[in-house]
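Q: In order, the protein sequences belong to chains S, U and C.
For the record, in the first sequence the residue sitting at position 69 is 108 according to this note's numbering, with numbers rising by one throughout.
For the record, in the second sequence the residue sitting at position 271 is 291 according to this note's numbering, with numbers rising by one throughout.
For the record, in the third sequence the residue sitting at position 193 is 270 according to this note's numbering, with numbers rising by one throughout.
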Amino acid sequence: MGAILRKAFPGLILLTLVLFPLVGDRFYIQFASKILLMIIFVSSLNLLVGFTGLVSLGHAAFFGFSGYVLALLSPPDSAMNFFIALLASILTVGALGAIFGALVLRTKGIFFIMSTLALGEMLFYFLHDTNLAGGSDGMYINTRPNLSFFDWWQLDLANVVHFYYLVLILVCAVLLVIRKIIYSPFGRVLAGIRINEHRTKALGYNTYKFKLVCFVIASMIAAISGFLAAVQFGVVNPEMVGWHVSGHALMMVILGGKGTLLGPVLGTTALMLVEEGFQMVTKHWQLLTGGVIVLVALFFPNGLVGLKFLKKRP
Amino acid sequence: MDAVTFFIQTMNGIQYGLLLFLVASGLTLIFGIMGVINIAHGSFYMIGAYLAWSLMGWLGNFWLGLFVGIVVAFLLGLILEWLFIRFLYDRDHLQQVLVTYGLILIFSELRSVIWGDDVHSVAIPALLDGSIQLTDNLAYPVYRLWLSGICVVIAILMFLGIQHTRLGMMIRAGESDREMTKALGINIGLVYRFIFALGVSLAAFSGMIAAPISSIFPGMGGQILIVSFVVVVIGGLGSIKGAMVAALLVGLIDTFGKVMTLNIFGVNIFPEMAGMSIFTLMAVILLFRPQGIFGKEY
Amino acid sequence: MRAVIEAVALTKKFSGLTAVSGVSLSCQRGMIHAVIGPNGAGKSTLINLLSGELRPTEGKIVVDGMTVTGFGPTKMSLLGVGRSYQRTNIYPSLSVLENCNIAVQSRLDISMRFLGALNSYPDVEVGSKRVMERLQIDTLGHKKASELSHGEQRQVEIALALATEPKVLLLDEPLAGMGAEESSKIVELLLEIRSDFAVILVEHDMDAVFALADKLTVMLNGEVIESGKPDVVRSSYRVQEAYLGEGIDE
């Protein structure tokens, strides 16, 4: 029974998600889209933290910057082609990821944590203090990109249900790609680096190169998420690249269970729901969030996937 | 920029650098001895500044406020170590980051509950509220000189402590080793609690003495934390000398970045980009000397 | 026959302390060159210099006629210098098979492939099976490395080194902590495969050393005090003197 339940679990989740817009109202569908796009971001961070052992506190840089790319590219009063805009965001952020990665991966341990945080904040100050992209107010995306297949089928991204299904498809695609990566030869080297980088080097792997490629991939996946966030809210601001976004995502990785595919899905959903609840209770909800983070990190480091009935393969 | 302005900015830069050293050295102290990365360190700086504002208001005396503030911060450090930090010694960096990140949220929200979200300022104590006349129309505030002086005194005490004690030896080695500490025959539980409280007091003290010359605002903890990280990365691990040099470098570059205007192709780069200058320095260091200026190779 | 690996006057100083001082040695294919000496003689430092994990203060290292001084461990491994560690240095949370896979994969030029699962590359499993059979750990393939006995973990340690198909094998106390039976298995294995490698062996087990070594170098306080054929070294007065107090177990 347990085994069947475990096998069917992802399928059940997916079925619920596909059917959800039929029953949920507008507000909840929007909220669900927000959770889903965050799952993409948290999964990309999990690729670094959980699968490769690189604890980054600056990952939001890629999330937020991707939104900025869309905002900067969008013409003021007409729509952009969705695929071109998305590709442009992913590639630009990938280039930024390569530069940041090349620098921070020269350090290890806490220096890696510190320098990722510092570089992320550098981007924050850059966006906040200069007038290149709207300064501290950020930028609006007046017209959402246009998603159509050769004029015969079109998605309306301002329609919450359409947008929801788009995000759902992308979540599934991203999770499949990450799954592919971790079981690939490349992914096995990442596992080697996470478990014992010293030996992996001695076996003839240029671990710097592998970590850099992984860092760039993770930044590009984060770009998908940031792009969707910008489309959903129609606005970007410097806080999107700030370290609180990175910190929260890190928390979601741990809460769900690092180094597992399902972890980010569970962790993101759980934390966002809990925070939503806290916000209804008190204005000072961050106090409760902080408490939850401390308690989870101290007493629950294996996350939700560590729970008995969700136990991963033996 | 004339010579007098240059002199004043240099003094300001050094003074900011010395302050940064105090904050960053607390961070290194806690990491060097206990192996804990404490990203809530900036919060203690923020708490120090708000404490200064409250205490100096209630007690009506800067010096008394300073003293009570240090005691409060030390007690806070003891309590926090007992409640949370002591569980982190054998955990990985990820857990340490998360627990201390949770503490940041808690402190930030508590600050909002206790003190509100307004910007405040603290008056310079009467004793130091003067200026030294440099030229007919330029003067340098005595308080800033006093602040630099006190930082230098603390720095010298730290240098001596690190050169001449066995705990200092561990910081220089750049690694914490509970077994080794045990071998020294010390009650590590108590030593760690004391060291953590010391680090907290150091950060809070920095916030308190900085309060009269800078505004007190909600985001000040995050700001100082990130600049301290830049200092530690530039200086390198296990090197107090490195932390000092890096702190001064960062202080000077940041200060001059804010007053200089660099005109490239008709675009004024500074001071808009002042916030970027120290990060650029860090990027250059990472590129050419990833272990930091005085750090040992990994 | 030309030496596959050669060290010329290697010196390593750690802030004042000289761990290895002017050590020269060489090894050819098919030969086992044992390095012995009391603890702290600098044997492990020597291995770390040869494997590229430490950078020599002075001297040079030559592999296949090419000077490789200052190359890091990754480059050395790719040049065909494989090593095992004195303190077991494997992937504890992976299975034995997965451990070997990572090592085998390093020679197949597939490691930058993202999308096909590792299972779809039969060469990897073939290579791993072969090396596991050699070390007689093929029945343990699906066991987690951390759950193995100490001796079995030592075998995985050597398997990782062999799986990279090196020309030079640096073995840093391969028998450390092994039982008599396991030790003799490893000695037999080394005798069997010796013709394919140049082996530099650091070992405390003197029975094994004299059973295996073609050449013996004795180190003391970072220096070579004697080097030559085992019989000659055994009867050397200086070696006997150096070992006085510790005694060669025979």
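Beta carbons are placed, not taken as given, at the ideal position from N, Cα and C, and that holds for glycine.
#1: May I have a chain-ordered list of the beta strand (DSSP E) segments no shorter than 3 residues that lie completely inside the region 147 to 198 of chain S?
#2: Could you confirm whether any beta carbon from chain S is found closer than 9 Å to the beta carbon of Thr241 of chain C?
#3: Can you give me the start and stop residues for the alpha helix (DSSP H) that Gln230 of chain C sits inside?
#4: Could you please give the first and the last residue of the uninterrupted alpha helix (DSSP H) stretch that includes Lys244 of chain C?
#5: Rounded to the nearest angstrom, what separates Leu238 of chain S and Phe191 of chain C at their Cα positions?
#6: Determine the extent of the beta strand (DSSP E) in which Ala111 of chain C is found, giving its start and end residues.
#7: What's the call for Ile152 of chain U, buried or exposed, on a 16-neighbour Cβ count within 10 Å?
#8: Can you confirm whether Leu306 of chain U, when its beta carbon is compared against all beta carbons of chain S, has any partner nearer than 9 Å?
#9: Please classify Tyr244 of chain S as buried or exposed, where buried requires at least 16 other C-beta atoms within 10 Å of its C-beta.
#10: Given this structure, state the Cα-to-Cα distance separating Gly194 of chain U from Gly52 of chain U, to the nearest angstrom.
#11: Measure from the alpha carbon of Ile232 of chain S to the alpha carbon of each residue in S:Pro224, S:Ile220 and S:Lys250, then state which is nearest.
#12: One question on the structure: do Ser223 of chain S and Ser105 of chain S come within less than 9 Å of each other, judged by their Cβ atoms?
#13: Check the Cβ of Gly117 of chain C against every Cβ in chain S and list those closer than 8 Å, keeping chain order.
#14: Say whether chain U places a C-beta atom closer than 9 Å to the C-beta of Ala157 of chain S.
#15: Is the beta carbon of Gly262 of chain U closer than 9 Å to that of Gly271 of chain U?
#16: Trp83 of chain U: buried (16+ other C-beta within 10 angstroms of its C-beta) or exposed?
#17: My output table needs one value for Met119 of chain S: the three-state DSSP class, helix, strand or coil.
#18: Are the region 115 to 130 of chain U and the region 300 to 316 of chain S touching by the rule of at least three beta carbon pairs closer than 8 Å?
#19: Specify whether the region 170 to 185 of chain U and the region 30 to 49 of chain U touch according to this definition: at least 3 beta carbon pairs, one from each stretch, less than 8 Å apart.
#20: Ignore the nearest five residues each way along the sequence and tell me which others in Glu120 of chain C's own chain have a CB closer than 7 Å to its CB.
#21: So with Cβ pairs under 9 Å, would you call Glu129 of chain U a contact of chain S?
#22: Who are Pro161 of chain U's beta bridge partners in DSSP?
#23: Assess contact between the region 217 to 235 of chain U and the region 60 to 79 of chain U, defined as three or more Cβ pairs (one per stretch) separated by less than 8 Å. Is contact present?
#24: Under a three-way DSSP split, which group does Ser223 of chain S fall into?
#25: In whole angstroms, what is the alpha-carbon distance linking Phe148 of chain C and Ser188 of chain C?
#26: Taking 9 Å as the threshold (C-beta atoms), are Phe339 of chain S and Gly345 of chain S in contact?
#27: Please compile the residues from chain S whose C-beta is within a distance smaller than 9 Å of the C-beta of Leu189 of chain C.
#28: Any beta carbon from chain C within less than 9 Å of Asn181 of chain S's own beta carbon?
#29: Quick check on DSSP: helix, strand or coil for Lys220 of chain C?
#30: Quick check on Leu242 of chain S - is its C-beta less than 9 Å from some C-beta in chain C?
#31: For a contact meaning CB atoms closer than 9 Å, what does Leu96 of chain S contact in chain U?
#32: What does the alpha-carbon distance come out to for the pair Tyr179 of chain S and Phe104 of chain U?
#33: Which two residues bound the contiguous alpha helix (DSSP H) that contains Ser183 of chain C?
#34: So what's Arg65 of chain S in DSSP terms, helix, strand or just coil?
#35: Write down every uninterrupted run of the alpha helix (DSSP H) in the region 48 to 93 of chain U whose length is 4 residues or greater and which is fully enclosed by it, in chain order.
#36: Does any C-beta atom of chain U lie closer than 9 Å to the C-beta of Phe150 of chain S?
A: In short, the structure shows the following:
#1: 186 to 188 and 192 to 194
#2: yes
#3: His227 to Ala240
#4: Looking at the DSSP string, Lys244 of chain C is not in any alpha helix (DSSP H), and its letter there is neither H nor E.
#5: Note on residue identity: the sequence assigns Arg, not Leu, to residue 238 of chain S. Each residue's alpha carbon lies about 22 Å from the other.
#6: Met108 to Ile113
#7: exposed
#8: yes
#9: buried
#10: With a pLDDT of 47 at Gly194 of chain U, under the threshold of 50, the modelled position of this residue cannot be trusted, and the question is left open.
#11: S:Lys250
#12: No.
#13: Residues of chain S with a Cβ closer than 8 Å to the Cβ of Gly117 of chain C do not exist, since the nearest Cβ in that chain sits about 23 Å away.
#14: yes
#15: Taking 9 Å as the Cβ cut-off, Gly271 of chain U and Gly262 of chain U do not qualify as a contacting pair.
#16: exposed
#17: coil
#18: Short answer: they don't touch.
#19: The region 170 to 185 of chain U is in contact with the region 30 to 49 of chain U.
#20: Inspection of the sequence shows that residue 120 of chain C is occupied by Lys rather than by Glu. Excluding residues within five positions, the ones whose Cβ falls inside 7 Å are Val112, Gly114, Val279 and Met296.
#21: For Glu129 of chain U, the answer is yes, since a Cβ of chain S falls inside 9 Å of its Cβ.
#22: U:Ser151
#23: yes
#24: coil
#25: Here the C-alpha atom of Phe148 of chain C lies approximately 22 Å from the C-alpha atom of Ser188 of chain C.
#26: In contact: Gly345 of chain S and Phe339 of chain S (Cβ atoms closer than 9 Å).
#27: Note on residue identity: the sequence assigns Met, not Leu, to residue 189 of chain C. The contacting residues are Pro224, Phe225, Val228, Lys248, Phe249 and Val252.
#28: no
#29: In the three-state scheme derived from DSSP, where H, G and I count as helix and E and B as strand, Lys220 of chain C is classed as coil.
#30: yes
#31: Ile59, Val117 and Tyr121
#32: In a straight line, the C-alpha of Tyr179 of chain S is about 42 Å away from that of Phe104 of chain U.
#33: Segment: none, Ser183 of chain C is in no alpha helix (DSSP H) and carries neither H nor E.
#34: helix
#35: 61 to 79
#36: yes
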